[in-house]
Amino acid sequence: MKFFVDTADTADIADLAATGLLDGVTTNPSLIAKSGRDFLEVTREICALVEGPVSAEVVALDHETMMKEAEILRKIADNVAIKVPLTLDGLKTCKKLTDDGTMVNVTLCFSANQALLAAKAGATFISPFVGRHDDNGFDGMALIEDIRLIYDNYAFETEILVASIRHPIHVLESARIGADVATMPPSVIRSLFKHVLTDKGIEGFMADWAKTGQSIC
Ligand code: E4P
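Counting in my numbering, the sequence shown runs from 563 upward without gaps.
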C-alpha cells in the first residue's frame, strides 16, 4: 500500500520524505489556506520534495474553467495529479485530462456508485473520504470494501486512495481490504511507528547494554 501525506506543510513533507516511505502528497483548498502560502508556489515546492504524485485541486465548478485551471496546475511539474470534485463537470474534466495522459485524483467520493463513475471516467485515483463518512453515521471502511469489490469485478485500474483518515485503525483496515493508497495527516503517519512495547523494549536493552561497558563504534 502506498503512503501519501495529506498536508501542504513543506517542513512536514520534507521530514517524512526523508524516511524513504513517502509515496506522494495530497492537498486541498483547506490545507492550502492552512499553510498560508501561495498555492502555485507551495505546490511547486512540494513537487520538488517528492517523486510521486502530488494532488493539486481545481477550485472551479464548471468544466471549462476546471480545464483552464488544470492547464496551469499541470505545467507546475510532471508529478502533479489534478484533483477534481466528484461532480458531472469534475468527471467530464477527469475524462478529458486522463485521455491526454494527465494523472487525475477524483475527490469527495462518498458512494460506491460515484467510485464506479470515476473509474469509467478513467480516474487515476478515487478518493473516498472515510473519516467524514464515519462522522455522518455511515461506515467508511464498508465503502472501501464495496469499491474494492467493484473495481476487481471489472479490473478497473483506478487506484483506491483512502482519504480523510483519522487514526491508525483506518490505515490497518485499508491495508486489510487491499486499498492501493492511504493519504494520512502527518500525525497519523508518525503514530504508525509507535508502540509502547517497542519503547519499553528499547529502554530495557539500553539499560542492559550500559552495564556491559562496551561500545560498537
Ligand atoms: C484527501 O485528499 C483530502 O484532502 C483529505 O483526506 C480530507 O480529510 P479531512 O476530512 O480530514 O479534511
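C-beta atoms are modelled at their ideal positions from N, C-alpha and C, and glycine is treated no differently.
1. With DSSP as the reference, please indicate the residues paired to Lys-645 in a beta bridge.
2. Relative to the alpha-carbon of Asp-742, which residue among Asn-641, Gly-699, Tyr-713 and Ile-751 has its alpha-carbon at the smallest distance?
3. Nearest-angstrom Cα distance between Gly-582 and His-757?
4. Roughly how many whole angstroms lie between the Cα atoms of Leu-659 and Thr-589?
5. Given a threshold of 16 other Cβ atoms within 10 Å of its Cβ, counted over all protein chains shown, does Ile-778 qualify as buried or as exposed?
6. Are there three or more Cβ pairs, one per stretch, closer than 8 Å when the region 594-610 is compared with the region 764-776?
7. Check Val-743 in the structure and name its three-state DSSP category.
8. At which residue ranges does the region 567-615 contain complete alpha helix (DSSP H) runs of 4 or more residues, listed in the order of the chain?
9. Cβ of Asp-600 within 6 Å of any heavy atom in ligand 1?
10. The beta strand (DSSP E) that contains Ile-764, what's its start and end?
11. How do the region 635-651 and the region 697-708 stand: do at least 3 beta-carbon pairs fall below 8 Å, yes or no?
12. Check whether the Cβ atoms of Pro-748 and Val-567 sit closer than 7 Å, and answer yes or no.
13. Which one or two residues does DSSP pair with Phe-565 in a beta bridge?
14. At what residues does the alpha helix (DSSP H) containing Ile-778 begin and finish?
15. Going by the DSSP bridge assignment, what does Phe-691 pair with across the sheet?
16. Are Ile-688 and Ala-674 close, meaning C-beta to C-beta below 7 Å?
17. Taking C-beta to C-beta, are Ala-570 and Val-604 nearer than 7 Å?
18. Would you say the beta carbon of Ala-744 comes nearer than 6 Å to a heavy atom of ligand 1?
19. Please go through the same chain and pick out, in chain order, the residues whose beta-carbon is closer than 7 Å to the beta-carbon of Gly-586, but skip the five residues on each side of it.
20. DSSP state of Ile-638, grouped into three classes?
Put simply:
1. In the sequence shown, counting from the first residue as 1, residue 645 sits at position 83. Partner residues in the beta bridge of Lys-645, as assigned by DSSP, are Glu-619 and Asn-667.
2. The residue you call residue 742 lines up with position 180 of the sequence shown. Asp-742 has its Cα closest to that of Tyr-713, out of Asn-641, Gly-699, Tyr-713 and Ile-751.
3. Against the sequence shown, residue 582 aligns to sequence position 20. Against the sequence shown, residue 757 aligns to sequence position 195. Those two C-alpha atoms are separated by around 20 Å.
4. Here residue 659 is taken as the residue at index 97 of the sequence shown, counted from 1. Here residue 589 is taken as the residue at index 27 of the sequence shown, counted from 1. The C-alpha of Thr-589 is placed about 19 Å away from the C-alpha of Leu-659.
5. Translated into positions along the sequence shown, residue 778 becomes position 216. Exposed, because fewer than 16 other Cβ atoms sit within 10 Å of the Cβ of Ile-778.
6. Flag = no, the region 594-610 and the region 764-776 do not touch.
7. On the sequence shown, residue 743 is found 181 positions in, with the first residue counted as 1. In the three-state reduction of the DSSP assignment, Val-743 falls in the strand class, which pools E and B.
8. Here the runs fully enclosed are 572-579, 591-597 and 601-611.
9. Along the sequence shown, read from residue 1 onward, the residue named residue 600 stands at position 38. Outside the cutoff, so no.
10. Locating residue 764 in the sequence shown gives position 202, counting from the first residue. Run containing Ile-764: none in the beta strand (DSSP E); it sits in the alpha helix (DSSP H), 758-774.
11. Contact fails: fewer than three Cβ-Cβ distances are below 8 Å.
12. Counting from 1 along the sequence shown, the entry for residue 748 is found at position 186. Counting from 1 along the sequence shown, the entry for residue 567 is found at position 5. Yes, they are a contact pair.
13. Locating residue 565 in the sequence shown gives position 3, where the first residue counts as 1. Per DSSP, Ala-744.
14. Walking along the sequence shown from the start, residue 778 turns up at place 216. Premise fails: Ile-778 is in no alpha helix (DSSP H) and is neither H nor E.
15. Start at 1 with the first residue of the sequence shown, and residue 691 comes out as number 129. Bridge partners of Phe-691: Ala-725.
16. Your numbering for residue 688 matches position 126 in the sequence shown. Your numbering for residue 674 matches position 112 in the sequence shown. No.
17. Here residue 570 refers to the residue found at position 8 when the sequence shown is read from its first residue. Here residue 604 refers to the residue found at position 42 when the sequence shown is read from its first residue. Going by C-beta atoms, Ala-570 is nearer than 7 Å to Val-604.
18. Locating residue 744 in the sequence shown gives position 182, where the first residue counts as 1. In this structure, Ala-744 has its beta carbon at no less than 6 Å from each heavy atom of ligand 1.
19. Residue 586 sits at position 24 when you count from the first residue of the sequence shown. Apart from the 5 residues on each side of it in sequence, Gly-586 sits with its Cβ closer than 7 Å to the Cβ of Lys-564, Phe-566, Val-612, Gly-614, Pro-615 and Val-616 in its chain, given in chain order.
20. Numbered from its first residue, the sequence shown carries residue 638 at position 76. If DSSP states are grouped into helix, strand and coil, Ile-638 belongs with coil.
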